[in-house]
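See structure below.
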Amino acid sequence: MEVETLAQVYFELDRFHSSREARPLHIFSVFPKITTDDLSRFAREAGVDAILENIGQGIYRFDITSARKRQHEYGYLIDHGKIWNILIKTVESPTVAGNIVERWLERMYPAICRSYIRSSDLLNIMDDLSKVKDSKLDMRSYVLRAHDSHETVKKWKSDKPYSRGEIERTVRREGQLLEAMNFLFHVEQTYFHVRIQADGHFVFYEGGQYCFSNFQRLVLSKFNETALLNHEFFSNRERRIVDGRAEVSRIHLEPARNLGKSDFERLSSHLSMKYSTAVLHGGNPWLLMNIIDRGDGSSFDLHGYPSEIQVIPFNRGSPESLMRLIHGIYELFPLIELKEETQ
Amino acid sequence: MKISLLSLKYPELESAKKEVSTEVHAYIDAITVLSSLQDYIRSVGIECHIERKLEKKNGNPKKPDLLICSDNYIIVDHKYTESENEKTLAGKLEEMREYNSTFVFSNGKPSFEKEFTPEVVMLTPEGSVASFRKLLDCPITWGYILDSEVVIKQMIWSIKDSKVLSLFNPNLICAMAEEISRYKFFISHPPLPYASCEIYNVLWTLSPPQQFFAPEFEVKYKDILGVFNSLFPPWISGEAKQLNVKRLEEALDFLQRTKWVKWFKTEKLVIVYRNKGRNIADTLSYLIDFYAKVLHTKRVIEYQKEVKKLEQLQKPVAQKKLDDFS
């Protein structure tokens with residue numbers, strides 16, 4: 001069947017994922033800094049491949065090839081304007097497919113940037129689902145991850161109702177990042193089974209009639225909305241000169257416990273893996289660092305105090321880069337909380 | 344002669360590294376502590392100025408780090424040392440003694456000129472106070488700690504001015520101003536590795552927006568200068584800003600030596616190589632070491648010249664005559 005509209009794409013995915021041949025579908029929510037017209041060119045420049053075929057308003061058939069092993073994956077790219085959803089069908093094993101796209105996205109940064117939401121946003125999406133009328137949220141597991149270690153899958157007892165409080169308590173107790181939720185959602189005599197991650201990677205396993213359409217309506221669109229709100233929150237924060245004076249905007253992060261010198265050493269070493277960093281003051285107890293994102297030229301100052309971390313964008317500080325940096329800090333200090341900024 | 348040759352010491356790289364690192368960190372500390380102190384003192388209604396040029400009644404003008412215009416005029420000068428060497432410490436005190444003089448304060452209006460003999464305060468990290476304390480003639484000394492706030496303690500003698508004295512109970516605690524994120528060069532004469540580190544930052548922020556994957560990118564010199572100028576606060580003297588072209592060129596020359604950039608002076612263009620310096624964990628510490636090596640090489644050459652000169656002087660007269668004849 002030829003697909004030309006979003007409804008037709010979703011219908012095709014509903015049909016496939018409710019059938020016996022269903023294989024996991026990897027979905028990514030990403031922020032583009034380029035247009036779909038330029039995607040193939042930028043992919044070549046980044047050392048990977050991407051082929052797009054426009055099949056309808058904002059809908060593309062999408063083929064990607066990885067850098068080293070030249071592995072191939074395909075699916076759809078849905079252009080929602082500020083945000084894209086990349087839907088990749090599984091050709092090889094489900095894990096391989098996901099890894100290929102993740103590596104492809106890494107190479108494409110900053111032309112295409114992952115979208116990140118906070119653990120609390122992830123739980124908000126779950127809360128909203130649990131409130132849908134005549135529905136049942138059947139939790140399977142959730143995933144925690146500490147910096148530089150494998151994920152820990154926390155199984156959820158079958159028939160035990162979803163409890164945000166319980167998950168939050170475990171997260172706090174274990175001091176790890178809530179990375180993903182795996183659940184079945186039953187609604188209108190049908191269901192879908194999905195894993196959703198805070199870094200905008202979803203694995204859609206299977207479901208009943210209208211499974212993908214329901215997932216799109218109840219989960220994916222909510223995630224996109226939240227990611228866009230975060231994007232807006234981190235936008236227009238560059239240092240600027242107003243009436244001859246410099247104005248800066250601060251992002252405040254409040255850790256769950258006081259941070260010490262060893263925490264700041266870990267933080268600077270963690271950030272130096274992804275960024276060009278300069279340590280101006282070494283964290284005894286005040287840490288001051290310059291951070292350059294060599295991808296898009298964003299630059300930030302990071303001030304670390306025992307009870308607060310402040311990120312201050314310099315003359316260029318794109319929201320995508322800022323979101324990525326803040327997520328990097330979450331990875332190390334999962335319980336840190338974002339506070340409202342002050343001028 | 345023999346004694347002079349023996350007294351020549353081969354320059355050590357490690358001491359050059361320590362010296363450069365101290366200078367850079369002193370600058371960063373000075374920006375932070377002085378800007379925080381200035382904000383706080385102004386917030387309690389006392390006029391104060393960073394690097395205000397003061398005419399000396401008898402002698403050359405001076406530019407103290409901070410001038411507090413309270414009932415008494417107080418000059419606060421930042422001194423930073425990690426050395427315990429008596430000569431180094433005495434040198435710092437000698438610099439402080441230059442403020443024991445009569446100055447003329449003018450607020451820019453010809454009608455307002457006031458002569459004063461200031462109270463002189465040395466501001467130094469708390470850890471360095473013990474070393475200074477051993478010396479005679481220490482001025483009033485405030486020790487500071489950069490914590491989540493700036494904590495200043497009166498550690499040697501005490502200030503007399505009652506308004507400023509009342510700010511210590513017992514310590515003066517003020518919020519860290521974070522001006523360093525607004526203005527990177529709060530006071531003049533930034534050390535070269537620090538200035539280069541900040542300029543390198545500026546270069547990246549001026550990269551063309553859609554050239555994500557090109558191995559290099561170009562930045563126009565006039566754009567760099569524009570941003571560089573904006574990194575100095577508006578009230579810093581025009582005189583200090585006039586030096587910016589020279590400072591910027593020095594920083595670009597230095598960055599070119601690291602091979603991270605190529606700088607075309609005539610074309611007024613800088614090329615930044617995306618992959619150069621990529622795997623360096625701490626850019627500032629790399630630039631400090633790099634500069635120390637440059638300094639060390641220079642010192643070794645000077646040392647060798649000096650040795651050669653002394654050896655020539657030590658040659659026996661007869662040998663000298665023979666050399667001259669040949």
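Going down the list, the sequences are from chains A and B. According to my numbering, the first sequence is numbered sequentially starting from 1. According to my numbering, the second sequence is numbered sequentially starting from 344. Here a beta-carbon is modelled for each residue, glycine too, at the ideal position from N, C-alpha and C. Note that this is a predicted model, so its numbers are computed, not measured.
Per DSSP, cross-strand counterpart(s) of I59/A: G56/A and I78/A
C412/B: first and last residue of the uninterrupted beta strand (DSSP E) it sits in: L409 to C412
Quick one: Cα of E427/B to Cα of D121/A, how far? 54 Å
Cβ closer than 7 Å: which chain A residues qualify as neighbours of E678/B? The structure shown does not extend to residue 678/B, since chain B is modelled only from 344 through 669, so no value can be given for it.
Spatial neighbours of R237/A within its chain, please: C-beta separation below 6 Å, excluding the five flanking residues on both sides. S249, P313 and G317
In terms of alpha-carbon separation, which member of Q657/B, I614/B and V570/B lies closest to V562/B? I614/B
Any chain A beta carbon closer than 8 Å to T424/B: no
Helix, strand or coil, according to DSSP, for K405/B in the structure here? strand
In terms of alpha-carbon separation, which member of K157/A, V153/A, D127/A and F202/A lies closest to E165/A? Correcting the residue identity first, residue 165/A is Gly in this sequence and not Glu. Closest by alpha carbon: D127/A.
With distances taken between CB atoms, is the gap from L123/A to R114/A smaller than 8 Å? no
8 Å Cβ cutoff, D632/B in contact with chain A: no
Would you say S573/B lies against chain A (beta-carbon separation less than 8 Å)? yes
DSSP three-state label for R415/A, please. Within the shown structure, residues of chain A are numbered from 1 to 343, placing residue 415/A beyond reach of any answer.
Within 8 Å, strictly: CB atoms of L6/A and L25/A: no
Answer yes or no: do T467/B and C540/B have a C-beta to C-beta separation smaller than 8 Å? no
Residue from I567/B, L568/B, D566/B and P551/B whose Cα sits closest to the Cα of F560/B: P551/B
Grab the span of the beta strand (DSSP E) containing D293/A for me, first residue to last. L287 to D293
Am I right that E458/B and K400/B are in contact with their C-beta atoms under 8 Å? What's the rounded C-beta distance? 7 Å
Ranges of the beta strand (DSSP E) found wholly within the region 420-497 of chain B, counting only runs of at least 3: 446-449, 456-459, 462-468 and 483-489
Scan the region 104-175 of chain A and note each continuous beta strand (DSSP E) run of 3 residues or more that stays entirely inside, going in chain order. 112-114, 135-145 and 151-155
Report all residues from its chain with a CB closer than 6 Å to the CB of F264/A; omit the five preceding and five following residues, and keep chain order. G283, L287 and G304
Who pairs with G304/A in a beta bridge, going by DSSP? L287/A and I309/A
Run through chain B and tell me which residues come within less than 9 Å of S276/A, C-beta to C-beta. Y543, N544, W547, G620, R621, I623 and T626
Taking the continuous alpha helix (DSSP H) assigned at F233/A, which residues delimit it? S221 to F233
With distance defined between alpha-carbon atoms, name the residue in Q381/B, K619/B, Y370/B and N450/B nearest to T424/B. Y370/B
Boundaries of the beta strand (DSSP E) in which S262/A is found, first to last residue: No beta strand (DSSP E) holds S262/A; the alpha helix (DSSP H) holding it covers K261 to K274.
In terms of residues, what are the limits of the beta strand (DSSP E) holding S29/A? L25 to P32
Looking only at C-alpha atoms, which of V419/B, L479/B and T375/B sits nearest to A433/B? L479/B
Taking any Cβ of chain A, which residues in the region 475-504 of chain B have a Cβ under 8 Å from it, in chain order? L489, D490 and S491
Going by CA-CA distance only, name the one from P482/B, L510/B and V493/B that's closest to W500/B. P482/B
Buried versus exposed call for F300/A [16 or more other C-beta atoms within 10 Å across all chains shown]: buried
Using the C-alpha atoms, what's the distance from F223/A back to Y76/A? 18 Å
Is the beta carbon of L280/A less than 8 Å from the beta carbon of M273/A? no
Assigned secondary structure, F202/A (DSSP; H/G/I helix, E/B strand, else coil): strand
Among residues of its own chain, excluding the 5 on either side of V588/B, which ones have a beta-carbon nearer than 8 Å to its beta-carbon? L568
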